[in-house]
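Asker:
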Amino acid sequence: MMTSRNNTRVIDHYLHGEPSFADKLLFEARLAVDPVLKSDFHFQKKTHRLLKMYHREKLREELEALHRELFNDPDKIRFRQSISQLFK
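In this note's numbering, each residue's number is its place in the sequence shown (first place is 1) plus 161.
Following this line, the structure appears as structure tokens:
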């Protein structure tokens, strides 16, 4: 079973909180009566969550690498001292 482009677009619009109140109600009504849309919504929502988690993890890794570089590199001692002064 393939998801239609229209379903994908409408679901994406809904998941990003972009529809008007009327469009949101209409989508939720369609979701209640259309089993294909409901299935598409379920899988697209799950995919959306997984992508969000993946991007958070990648950002966390990048921040940790930056932290290691800035706070463990002996050449960055002046930077560490400047940062430490900000929090005293």
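Glycine included, C-beta positions come from ideal geometry on N, C-alpha and C.
Could you have a look at P180 and say whether DSSP puts it in helix, strand or coil?
Answerer: Note: P180 maps to coil in three-state DSSP.
Asker: From this set, S181, T169 and L176, which residue's C-alpha is nearest L198's C-alpha?
Answerer: Comparing Cα-Cα distances from L198 to each of S181, T169 and L176, the minimum goes to T169.
Asker: Return the CA-CA distance between E179 and P196, expressed in angstroms with no decimal places.
Answerer: 23 Å
Asker: Identify, in the order they occur along the chain, each residue of the same chain with its Cβ nearer than 7 Å to the Cβ of V171, setting aside the five sequence neighbours on each side.
Answerer: F188
Asker: Look up F248 in the DSSP assignment and say whether it is helix, strand or coil.
Answerer: Coil at F248, not helix or strand.
Asker: Would you kindly work out how many angstroms separate the C-alpha atoms of R166 and R241, rounded to a whole number?
Answerer: Between R166 and R241, the C-alpha separation is close to 51 Å.
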